[in-house]
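Worksheet: the structure to be examined is printed underneath.
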Amino acid sequence: MYNSNHSIASNLLLTVVVSLFAGFIIGYPGWTLAFALLGWALFQIKQFNRLQQWLMDSSNSDVPETSGHWGELFDELSRDQKRQLGRSQSLRAVIHRFQQSSAALSDAIVIIDNHNNLEWWNRAADRLLGLKASTDRGRSVMNLLRDPRFVRYYRKQNYDDPLQLPSPLSNEVILEYRLTRFGVGDRILVARDITRLKQLEQTRQDFVANASHELRTPLTVIRGYLETFLDQDLPRPLQRGMNQMANQSRRMENLVSDLLLLSRLEASPHISDELPIPIQSIICRIRDDAIALGKDKNQTIELDLDPNNTLLGQEAEIYSAFSNLVFNAVRYTPAGGRIQIRWWADKKGTHFSVADNGPGIDSIHLPRLSERFYRIDESRSSDTGGTGLGLAIVKHVMLRHNGRLSIKSEIGQGSTFSCHFPKELLSSGSQRQPDDPDEQEPKDQAAPSSIR
Ligand code: ADP
8 MYNSNHSIAS NLLLTVVVSL FAGFIIGYPG WTLAFALLGW ALFQIKQFNR LQQWLMDSSN
68 SDVPETSGHW GELFDELSRD QKRQLGRSQS LRAVIHRFQQ SSAALSDAIV IIDNHNNLEW
128 WNRAADRLLG LKASTDRGRS VMNLLRDPRF VRYYRKQNYD DPLQLPSPLS NEVILEYRLT
188 RFGVGDRILV ARDITRLKQL EQTRQDFVAN ASHELRTPLT VIRGYLETFL DQDLPRPLQR
248 GMNQMANQSR RMENLVSDLL LLSRLEASPH ISDELPIPIQ SIICRIRDDA IALGKDKNQT
308 IELDLDPNNT LLGQEAEIYS AFSNLVFNAV RYTPAGGRIQ IRWWADKKGT HFSVADNGPG
368 IDSIHLPRLS ERFYRIDESR SSDTGGTGLG LAIVKHVMLR HNGRLSIKSE IGQGSTFSCH
428 FPKELLSSGS QRQPDDPDEQ EPKDQAAPSS IR
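For the sequence shown, my numbering gives the first residue as 8, with consecutive numbering after it.
Written out as structure tokens, the structure reads:
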């Protein structure tokens, strides 16, 4: 690398030596040295000025021609300038390629800075979100996407789940928004057009609802005739066959009515009316039905109900959800087992739980248990006569009530299924403090019953 200090010092030394030598020859060493140093200094100043001028306008002018250490310095600077130029050209090519590829994407990509202002976006964002480069660059994202649901989602710290909303340009176009953080407080927003997916989903829901509806009438007729035939005095083999047919048609009827219920629940994400539900009497009714269902199993069914608190919601849906959980407990818990049903409130909201000491469920199944037709053990489930839709119904009822279903289970120890409702759905009465439902469930299984 070029060493300017060393080069200037040797140049200066050479000037001093030569001028002193010449001065001694002509008899004026002092004057000769002074003139030589003055000339040397003027030369350095001139070169320095050329350097300064070139640096100020280095992109437009060629490197100054000179020799000696200044020449070496200029050459070094010129080489460095060429290297920088090469680097900036390849960087520009990368940026150009990135812009080209992101422009070709059908998803909208928007980069938002740490002040929530729009920094950059691709062409799809113009089309899907209506962003305009001339007016919107530097504006706050929340001024452009004003839907309160988007604003709430944007302010949330957790972006694990995407948000589905109509596009700001048209209600017909449904977009799925995903936010990702990067850098220091910057975000990337990706918006995807899922209109077609939504339409397919709607078609599927309509098909299931229509098919179930159409199947209901013929099934009722078949079962009606079968039951009439079974009242007759039939030969034994025929009676066995008829019995099986009647059982299977009953199972199909249950399946069809669960499918219809599920389609109704899916049709809208939230309940329209929140009415007070006589929750204690509903649970007592479910308990009575459960005793009838498990009459040959000699199970103990205990109730622990908070008498003060009740729930706002849809009674039929809540009945369906709670009865599914209690009937599952009866069906899957062996004879002589123990089932505990609880209803209580705390500072987080209200809770319903059903705990049993049945076979339990392996933790690998828990995340998928509320999917429709998900079964751990096909033979065990068909023995119990279940439809495979019970927990899917519970999950949807809970979603419509802004609540959630939680499941805790251990093989050989039993299972606890809990429904947690937000405190906005609590309808008056004193509240017990301060249980965390998830932590309390196993301990409270032994809680004393207030109604038995
Ligand atoms: P099914 O009609 O088959 O009961 P569900 O959706 O109600 O359908 O339940 C899904 C699966 O979860 C069941 O097949 C069963 O294996 C398991 N399950 C549900 N409740 C219990 C329980 N209390 N104890 C053990 N397993 C259960």
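The C-beta atom is built at its ideal place from N, Cα and C for all residues, glycine as well.
The model shown is predicted, which means the values in this text are computed figures rather than measured ones.
### Query
What are the uninterrupted segments assigned as beta strand (DSSP E) that are 3 or more residues long and contained completely in the stretch 88–157, given in chain order?
Runs of the beta strand (DSSP E) inside the stretch 88–157: 115–119, 125–128.
Note the first and the last residue of the continuous alpha helix (DSSP H) segment covering residue 1. An answer regarding residue 1 cannot be provided, because it is not within the stretch 8 to 459 covered by the chain.
Handout entry: Residue from 129, 194, 301, 40 whose Cα sits closest to the Cα of residue 147
Key = For the purposes of this step, residue 147 is identified with residue 140 of the sequence shown, where counting begins at 1. Nearest to residue 147 by alpha-carbon distance, out of 129, 194, 301, 40, is 194.
- Message: Please state the DSSP three-state secondary structure of residue 239.
- Response: For the purposes of this step, residue 239 is taken as residue 232 along the sequence shown, with counting starting at 1. Coil, per DSSP.
| What are the start and end residues of each continuous beta strand (DSSP E) run of 3 or more residues lying completely inside the stretch 359–421, in chain order? | With a minimum length of 3 residues, the continuous beta strand (DSSP E) runs that stay inside the stretch 359–421 are 411–417.
- Query: Closer than 7 Å: is that where the CB of residue 383 sits relative to any heavy atom of ligand 1?
  - Reply: By one-based count along the sequence shown, residue 383 stands at place 376. In this structure, ligand 1 has a non-hydrogen atom nearer than 7 Å to the beta-carbon of residue 383.
query = Are at least three pairs of beta-carbons, each pair with one atom in the stretch 159–176 and one in the stretch 76–86, less than 8 Å apart?
reply = These segments do not touch.
Just to check my reading of the structure: residue 357 and residue 306 have Cβ atoms closer than 8 Å, yes? What is that Cβ distance to the nearest angstrom? Position 350 of the sequence shown, counted from the first residue, corresponds to residue 357. Position 299 of the sequence shown, counted from the first residue, corresponds to residue 306. The C-beta separation of residue 357 from residue 306 comes to about 26 Å, leaving the pair out of contact by the 8 Å criterion.
### Message
Distance check for residue 138 and residue 69, CA to CA, integer angstroms please.
### Response
Translated into the one-based positions of the sequence shown, residue 69 becomes position 62. Translated into the one-based positions of the sequence shown, residue 138 becomes position 131. Roughly 44 Å separates the two Cα atoms.
Practice item. Kindly indicate which three-state DSSP category residue 228 falls into: helix, strand or coil? Key: Within the sequence shown, numbered from 1, the residue matching residue 228 stands at position 221. Note: residue 228 maps to helix in three-state DSSP.
Closest by C-alpha distance to residue 233, when choosing among 380, 224, 318, 251:
Counting from 1 along the sequence shown, the entry for residue 233 is found at position 226. Comparing Cα positions, the closest option is 251.
Problem set entry | Delimiting residues of the beta strand (DSSP E) encompassing residue 37 | Here residue 37 corresponds to residue number 30 of the sequence shown, with the count starting at 1. Counting along the chain, residue 37 falls outside any beta strand (DSSP E), though it belongs to the alpha helix (DSSP H) covering 36–63.
Q. Going along the chain, which residues of its own chain have a beta-carbon closer than 6 Å to the beta-carbon of residue 437, five neighbours each way excluded?
A. Here residue 437 refers to the residue found at position 430 when the sequence shown is read from its first residue. The predicted model places residue 437 with a pLDDT of 43, which falls under 50 and marks its position as unreliable, so this point remains unresolved.
Whole angstroms is fine: what's the gap from residue 208's alpha carbon to residue 274's?
Taking the first residue of the sequence shown as position 1, residue 208 is located at position 201. Taking the first residue of the sequence shown as position 1, residue 274 is located at position 267. Here the alpha carbon of residue 208 sits roughly 11 Å from the alpha carbon of residue 274.
Exercise for the section: Could you check if residue 102 is buried or exposed, using at least 16 other CB atoms within 10 Å of its CB as the buried criterion? Expected result: Translated into the one-based positions of the sequence shown, residue 102 becomes position 95. Residue environment for residue 102: exposed (fewer than 16 other C-beta atoms within 10 angstroms of its C-beta).
Checklist entry - Hey, is residue 326 close to ligand 1, as in C-beta under 7 Å from one of its heavy atoms? => result Locating residue 326 in the sequence shown gives position 319, counting from the first residue. Incorrect: residue 326 has no Cβ contact closer than 7 Å to ligand 1.
For residue 132, count the other beta carbons within 10 Å of its own beta carbon; 16 or more makes it buried, fewer makes it exposed. Which is it?
Taking the first residue of the sequence shown as 1, we reach residue 132 at position 125. Its Cβ being crowded by 16 or more others within 10 Å, residue 132 is buried.
Would the beta-carbon of residue 366 be found less than 7 Å away from any heavy atom of ligand 1?
Taking the first residue of the sequence shown as 1, we reach residue 366 at position 359. It does: the Cβ of residue 366 is within 7 Å (strictly closer) of some heavy atom of ligand 1.
For ligand 1, I want to know if residue 363 counts as a neighbour, meaning its beta carbon is within less than 7 Å of at least one of the ligand's heavy atoms. Translated into the one-based positions of the sequence shown, residue 363 becomes position 356. A heavy atom of ligand 1 is found nearer than 7 Å to the CB of residue 363.
For residue 298, which residues in the same chain have their Cβ closer than 7 Å to its Cβ, ignoring the five residues on either side in sequence?
As a position in the sequence shown, residue 298 is number 291, starting the count at 1. Here the set comprises 308.
query = Taking the beta strand (DSSP E) that residue 198 falls in, what are its first and last residues?
reply = Counting from one through the sequence shown, the residue named residue 198 turns up at place 191. Where residue 198 is concerned, the enclosing beta strand (DSSP E) stretches over 193–200.
Could you tell me the alpha carbon to alpha carbon distance between residue 107 and residue 198, rounded to whole angstroms? Taking the first residue of the sequence shown as position 1, residue 107 is located at position 100. Taking the first residue of the sequence shown as position 1, residue 198 is located at position 191. Rounded to whole angstroms, the separation of the alpha carbons of residue 198 and residue 107 is 18 Å.
Quiz item: For ligand 1, any of its heavy atoms closer than 7 Å to the Cβ of residue 268?
Solution: Residue 268 sits at position 261 when you count from the first residue of the sequence shown. No, since every heavy atom of ligand 1 falls outside the 7 Å radius drawn around the Cβ of residue 268.
| Exposure of residue 362, with buried meaning 16 or more beta-carbon neighbours within 10 Å | Your numbering for residue 362 matches position 355 in the sequence shown. Burial call: buried.
Which whole-angstrom value is the C-beta distance of residue 136 and residue 175, which I expect to be below 8 Å? If you number the sequence shown from 1, residue 136 lands on position 129. If you number the sequence shown from 1, residue 175 lands on position 168. Right, the Cβ-Cβ distance comes to about 6 Å (below 8 Å), so this counts as a contact.
Would a C-beta distance cut-off of 8 Å place residue 286 and residue 351 closer than the cut-off? What you label residue 286 is simply residue 279 of the sequence shown in a count that begins at 1. What you label residue 351 is simply residue 344 of the sequence shown in a count that begins at 1. Contact flag unset, no.
- Task: Put residue 22 into one of helix, strand or coil per three-state DSSP.
- Result: As a working note, residue 22 is residue 15 in the sequence shown. In the structure shown, residue 22 sits in a helix (DSSP, three-state: H, G or I).
Open item on the list: Out of 364, 365, 397, 372, which one is the CA nearest neighbour of residue 379?
Closed with: Within the sequence shown, the letter at position 372 stands for residue 379. If we check each option's Cα against that of residue 379, 397 comes out closest.
- prompt: To which residues of the same chain is residue 418 closer than 8 Å at the C-beta, ignoring the five residues directly before and after it?
  reply: Reading the sequence shown from its first residue, position 411 is the one you call residue 418. Only 366, 367, 368, 369 meet the Cβ criterion.
Pair every Cβ in the stretch 228–244 with every Cβ in the stretch 253–267, then say whether three or more of these pairs are closer than 8 Å.
With the rule of 3 Cβ pairs closer than 8 Å, the stretch 228–244 counts as touching the stretch 253–267.
- Buried or exposed: where does residue 92 fall if 16 or more other Cβ atoms within 10 Å of its Cβ makes it buried? Your numbering for residue 92 matches position 85 in the sequence shown. Result: exposed.
Closest residue to residue 373 among 48, 142, 59, 423 (Cα-Cα distance):
In the sequence shown, the residue the question calls residue 373 occupies position 366. The shortest C-alpha to C-alpha distance from residue 373 to any of 48, 142, 59, 423 is the one to 423.
- Rank 152, 407, 57 by C-alpha distance to the C-alpha of residue 123 and give the top, closest one. By 1-based counting over the sequence shown, the position of residue 123 is 116. Of the listed residues, the one whose Cα sits closest to residue 123 is 152.
C-beta atoms of residue 337 and residue 301 nearer than 8 Å = For this step, residue 337 is matched to residue 330 along the sequence shown. For this step, residue 301 is matched to residue 294 along the sequence shown. Their beta carbons are under 8 Å apart, which means residue 337 touches residue 301 by this criterion.
| query | On the three-state DSSP scale, how would you describe residue 181? | reply | Here residue 181 refers to the residue found at position 174 when the sequence shown is read from its first residue. Strand at residue 181.
Helix, strand or coil: how does DSSP classify residue 442 here?
Your numbering for residue 442 matches position 435 in the sequence shown. Here the model assigns residue 442 a pLDDT of 45, short of 50, so the residue's position is not dependable, and the following value carries that caveat. Secondary structure of residue 442 (DSSP, three-state): coil.
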